[in-house]
Amino acid sequence: MRDITHHLRHYLPLIGILVAATIGFAVFSWDRVFQFAVIVAASLGYIVWGLIHHHIHKDLHLSVVVEYFAIAILGIVIIFSLLFRA
Amino acid sequence: MNTAAITLSHFLFPRHSNNHKAKLLHSSSLLLLALFLVVYQIILRALPLSGVKILGYAANIPPTEIINLTNQRRAENGVTALSTSALLTEAARLKGEHMLSQDYWAHTAPDGTEPWKFFTDVGYKYRYAGENLARDFSNPNSAMEAWMASPSHRENLLSGKYKEIGVAVVEGDLGGVDTTLIVSLFGTQFSDTTSQVPVVAAKPQIEITPTPLALATLTPTPQFFAGVITPTQGSEKIIILEEPVQERAGRFQTLISPFESTRGVAVATTVLLLVVLVIDGIIVTRRNITRIGGRTFAHIAFLGMILAILLIAKVGEIL
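Chains as they are written, first to last, in this note's numbering: chain A, 1 to 86; chain B, 1 to 319.
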């Protein structure tokens, strides 16, 4: 958690991506495909942010990459099941 | 400490047994959670196929309220009010029932039947025609808000070239799920030459510039109920009024919907992960534990976005 204060500059782009995605999802409420595309794009942005961040801090390992992918996949599945539910 | 508490602690808190990271936050657990959500959706889809009827989202939506709200929005935007057409109402009802009987959710049916067929089937010769569809909304206001938020549906609602409207709310089984469909048809009779907009080809959402009138008037829409049109020997048609939708409120009731159950499971999963992540972050920071892994704050931010989206997502769909 202390990383927040130490690396605020690094987190700002991530926050920007996530906030923009949330706003995009709300604004384009009538277009489900576009909404899903927004979430996929935000998830990819989150993964790329993680890769760059850990690469800069020289602690990029396979397990870290898998962790970001796992959380992104979970997020995509959650939103997909909500948008294109049974 | 008993076994249950140890197991729970192993899943929720960082400790020696889970390599100082809550087991729930391990990649394998996260992927298992995703798999669980996929299986849950597969089960929801499979239930109707196996003959088990799952509850859908039925709601009490009076067609007159949709018409009133449409005319309110038109008045607010300086467009003349639409008058209710018995023929369009009947066409809307036929379209809704066609969607249920043919099991589709689209402007054009799988067999190629276009929306305009329902206009001509009831004898409505149109100069202009438009169609807005909505499903699974719990009340008329939320459906209207969704239509107004969509540029193409908004154009249909506010187009000055339409003179009449017909709305039908039909409830039935769509894809094995109890569903409430709202069909809103817009039109101008071919004989009506007062429209100031050039003739354009009809399509479900026609892109035209609304023609605002200088004087906005809101004409109270008379109570109008879904009607059955029975052809007679002559050219005249007899309108037989059906039981008003509002009076059948006993049959319309809010049920548990797949949307709400899906959202419930998704919110519970996301909140659980967020709580475990926060606890994990606090414990790791206090104990000054060094480990290889992703940034806790980044994960919290991402799942926070997912939670926000889950909370703002709306139940209904428009087309």
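Heads up, the beta-carbon is just placed ideally off N, CA and C, and yes, glycines get one too.
Bear in mind the structure is a predicted one, so any value in this text is a computation, not a measurement.
Task: Reduced DSSP category for Ala81/B - H, G, I as helix; E, B as strand; rest coil - done: By one-based count along the second sequence, residue 81/B stands at place 81. Coil.
TODO: Kindly list the residues whose CB is nearer than 8 angstroms to the CB of Phe190/B, restricted to its own chain and excluding five residues on each side of it in sequence; keep chain order.
DONE: Indexing the second sequence from 1 puts residue 190/B at position 190. Once the five neighbours on either side are set aside, the close Cβ partners of Phe190/B are Lys125, Tyr126 and Arg127.
Task: CB of Gln102/B within 8 angstroms of CB of Ala109/B, strictly - done: Numbered from 1 along the second sequence, position 102 holds the residue referred to as residue 102/B. Numbered from 1 along the second sequence, position 109 holds the residue referred to as residue 109/B. Against a cut-off of 8 angstroms, the Cβ pair of Ala109/B and Gln102/B comes out as a contact.
Task: Backbone CA spacing between Val278/B and Thr188/B [nearest angstrom] - done: For the purposes of this step, residue 278/B is taken as residue 278 along the second sequence, with counting starting at 1. For the purposes of this step, residue 188/B is taken as residue 188 along the second sequence, with counting starting at 1. Straight-line Cα distance between these residues: approximately 60 angstroms.
Open item on the list: According to DSSP, Ile318/B sits in a beta bridge with which residue or residues?
Closed with: Translated into the one-based positions of the second sequence, residue 318/B becomes position 318. In DSSP, Ile318/B forms a bridge with Ala134/B.
TODO: Identify, in the order they occur along the chain, each residue of the same chain with its Cβ nearer than 6 angstroms to the Cβ of Asn77/B, setting aside the five sequence neighbours on each side.
DONE: Here residue 77/B is taken as the residue at index 77 of the second sequence, counted from 1. Closer than 6 angstroms at the Cβ level, and outside the excluded window around Asn77/B, lie Leu158.
Open item on the list: Spatial neighbours of Glu67/A within its chain, please: C-beta separation below 6 angstroms, excluding the five flanking residues on both sides.
Closed with: Within the first sequence, residue 67/A is the residue found at index 67, counting from 1. Taken in chain order, the list of residues that qualify is empty.
Task: Inter-residue Cα distance where the pair is Leu24/B and Phe137/B - done: For the purposes of this step, residue 24/B is taken as residue 24 along the second sequence, with counting starting at 1. For the purposes of this step, residue 137/B is taken as residue 137 along the second sequence, with counting starting at 1. Near 36 angstroms, if we compare the C-alpha coordinates of Phe137/B and Leu24/B.
Task: Reduced DSSP category for Phe186/B - H, G, I as helix; E, B as strand; rest coil - done: The sequence position of residue 186/B within the second sequence is 186, counting from 1. In this structure, Phe186/B counts as strand in the three-state DSSP scheme.
Task: Test: His61/A CB closer than 8 angstroms to a CB of chain B - done: Along the first sequence, read from residue 1 onward, the residue named residue 61/A stands at position 61. For His61/A, the answer is yes, since a Cβ of chain B falls inside 8 angstroms of its Cβ.
Open item on the list: Let's see if you can read the secondary structure: which residues bound the beta strand (DSSP E) around Val167/B?
Closed with: What you label residue 167/B is simply residue 167 of the second sequence in a count that begins at 1. Segment Glu164 to Leu174, the beta strand (DSSP E) holding Val167/B.
Task: Start-to-end residues for the alpha helix (DSSP H) that takes in Ser81/A - done: Within the first sequence, the letter at position 81 stands for residue 81/A. Ser81/A -> alpha helix (DSSP H) spans Leu62 to Leu83.
Open item on the list: Taking only three categories from DSSP, how would you classify Pro222/B?
Closed with: Taking the second sequence and counting its residues from 1, one reaches residue 222/B at position 222. Per-residue confidence for Pro222/B stands at a pLDDT of 33, beneath the threshold of 50, marking its modelled position as unreliable; the derived number appears in the next sentence. Correct three-state label for Pro222/B: coil.
Open item on the list: On the criterion of 16 or more Cβ atoms from any shown chain inside 10 Å, does Val177/B qualify as buried, or is it exposed?
Closed with: Position 177 of the second sequence holds residue 177/B. The residue in question, Val177/B, is buried, as its Cβ has 16 or more Cβ neighbours within 10 Å.
Task: For Ile289/B, the first and last residue of its enclosing alpha helix (DSSP H) - done: Locating residue 289/B in the second sequence gives position 289, counting from the first residue. Counting along the chain, no alpha helix (DSSP H) covers Ile289/B, and no H or E run does either.
- [ ] Could you confirm whether any beta carbon from chain A is found closer than 8 angstroms to the beta carbon of Ala146/B?
- [x] Taking the second sequence and counting its residues from 1, the one referred to as residue 146/B is at position 146. Taking Cβ atoms only, chain A reaches closer than 8 angstroms to Ala146/B, which makes this a yes.
Open item on the list: Could you give the first and the last residue of the continuous alpha helix (DSSP H) run that contains Phe13/B?
Closed with: The residue given as residue 13/B occupies position 13 in the second sequence. Taken as a continuous stretch (DSSP letters only), Phe13/B belongs to no alpha helix (DSSP H), as it is neither H nor E.
- [ ] Can you grab the Cα-Cα spacing for the pair His61/A / Arg45/B, in whole Å?
- [x] As a working mapping, residue 61/A is identified with position 61 in the first sequence. As a working mapping, residue 45/B is identified with position 45 in the second sequence. For His61/A and Arg45/B, the distance between alpha carbons rounds to 39 angstroms.
Task: CB-CB length for Leu82/B against Thr64/B, believed under 8 angstroms - done: By one-based count along the second sequence, residue 82/B stands at place 82. By one-based count along the second sequence, residue 64/B stands at place 64. Taking the Cβ atoms as the reference, Leu82/B lies roughly 12 angstroms from Thr64/B, outside the contact range of under 8 angstroms.
Task: Ala134/B: contacting residues in chain C (beta-carbon distance under 7 angstroms) - done: No chain C is present in this structure, whose protein chains are A and B.
Open item on the list: Only counting the same chain, and skipping five residues up and downstream in sequence, which positions put a Cβ closer than 8 angstroms to that of Ala301/B?
Closed with: In the second sequence, counting from the first residue as 1, residue 301/B sits at position 301. So no residue of the chain qualifies.
Open item on the list: Cutting at 7 angstroms between CB atoms, please list the residues of its own chain near Gln223/B, excluding the five before and the five after it.
Closed with: Position 223 of the second sequence, counted from the start, is the residue given in the question as residue 223/B. The predicted model places Gln223/B with a pLDDT of 31, which falls under 50 and marks its position as unreliable; any figure quoted below should be read in that light. Taken in chain order, the residues that qualify are Thr64.
- [ ] Could you tell me which residues DSSP pairs with Asp178/B in its beta bridges?
- [x] As a first step, residue 178/B must be located in the second sequence, where it is residue number 178. Note: Asp178/B sits in a beta bridge opposite Asp173/B.
Open item on the list: I'd like to check one pair, Ala134/B with Ile318/B: are the Cβ atoms closer than 8 angstroms?
Closed with: For the purposes of this step, residue 318/B is taken as the residue at position 318 of the second sequence. For the purposes of this step, residue 134/B is taken as the residue at position 134 of the second sequence. Result yes, Cβ atoms of Ile318/B and Ala134/B sit closer than 8 angstroms.
Task: Option in Pro258/B, Glu155/B, Lys314/B and Asp121/B with minimal Cα separation from Gly175/B - done: For the purposes of this step, residue 175/B is taken as the residue at position 175 of the second sequence. Ranked by Cα distance from Gly175/B, the first of Pro258/B, Glu155/B, Lys314/B and Asp121/B is Pro258/B.
Task: Close Cβ partners of Val27/A (< 8 angstroms) along its chain, the five nearest in sequence each way excluded - done: Here residue 27/A corresponds to residue number 27 of the first sequence, with the count starting at 1. No residues qualify anywhere along the chain.
TODO: Flag this pair as yes or no: are the beta carbons of Leu185/B and Glu131/B separated by less than 8 angstroms?
DONE: For the purposes of this step, residue 185/B is taken as the residue at position 185 of the second sequence. For the purposes of this step, residue 131/B is taken as the residue at position 131 of the second sequence. Taking 8 angstroms as the Cβ cut-off, Leu185/B and Glu131/B qualify as a contacting pair.
Task: Cβ distance (whole Å) where Leu82/A is taken to contact Ala266/B below 8 angstroms - done: What you label residue 82/A is simply residue 82 of the first sequence in a count that begins at 1. What you label residue 266/B is simply residue 266 of the second sequence in a count that begins at 1. Between Ala266/B and Leu82/A the Cβ distance is about 6 angstroms, and since that is below 8 angstroms, they are a contact.
- [ ] Indicate whether at least one CB of chain B lies closer than 8 angstroms to the CB of His53/A.
- [x] If you number the first sequence from 1, residue 53/A lands on position 53. It does; some Cβ of chain B falls within 8 angstroms.
Open item on the list: Does the beta-carbon of Ala42/A, which I'm using as the reference point, lie nearer than 7 angstroms to any heavy atom of the ligand HEM?
Closed with: In terms of ligand content, the structure shown is empty, and the ligand HEM therefore cannot be addressed.
Open item on the list: Which same chain residues end up closer than 8 angstroms to His107/B when comparing Cβ atoms and leaving out the 5 residues on each side of it in sequence?
Closed with: Residue 107/B sits at position 107 when you count from the first residue of the second sequence. Only Glu114, Pro115, Glu131, Leu133, Pro204 and Leu319 meet the Cβ criterion.
Open item on the list: Contact criterion: CB-CB distance below 8 angstroms. Does Leu303/B meet it with respect to chain A?
Closed with: As a first step, residue 303/B is located in the second sequence; it is residue number 303 there, counting from the start. So, interface residue.
Open item on the list: Using a Cβ-Cβ cutoff of 9 angstroms, what residues of the region 18–29 of chain A are near chain B? List them in chain order.
Closed with: Answer set for the region 18–29 of chain A: Leu18, Val19, Ala21, Thr22, Phe25, Ala26, Val27, Phe28 and Ser29.
- [ ] Name the two residues that bound the continuous alpha helix (DSSP H) containing Leu25/B.
- [x] The sequence position of residue 25/B within the second sequence is 25, counting from 1. Looking at the DSSP string, Leu25/B is not in any alpha helix (DSSP H), and its letter there is neither H nor E.
Task: Residue from Trp49/A, Leu74/A, Ile73/A and Ile76/A with nearest C-alpha to His15/A - done: Position 15 of the first sequence holds residue 15/A. A quick correction: the sequence has Ile, not His, at residue 15/A. Nearest C-alpha to Ile15/A: Trp49/A.
Open item on the list: Counting only beta-carbon separations shorter than 8 angstroms, does His20/B have a partner in chain A?
Closed with: For this step, residue 20/B is matched to residue 20 along the second sequence. Taking Cβ atoms only, chain A never reaches closer than 8 angstroms to His20/B, which makes this a no.
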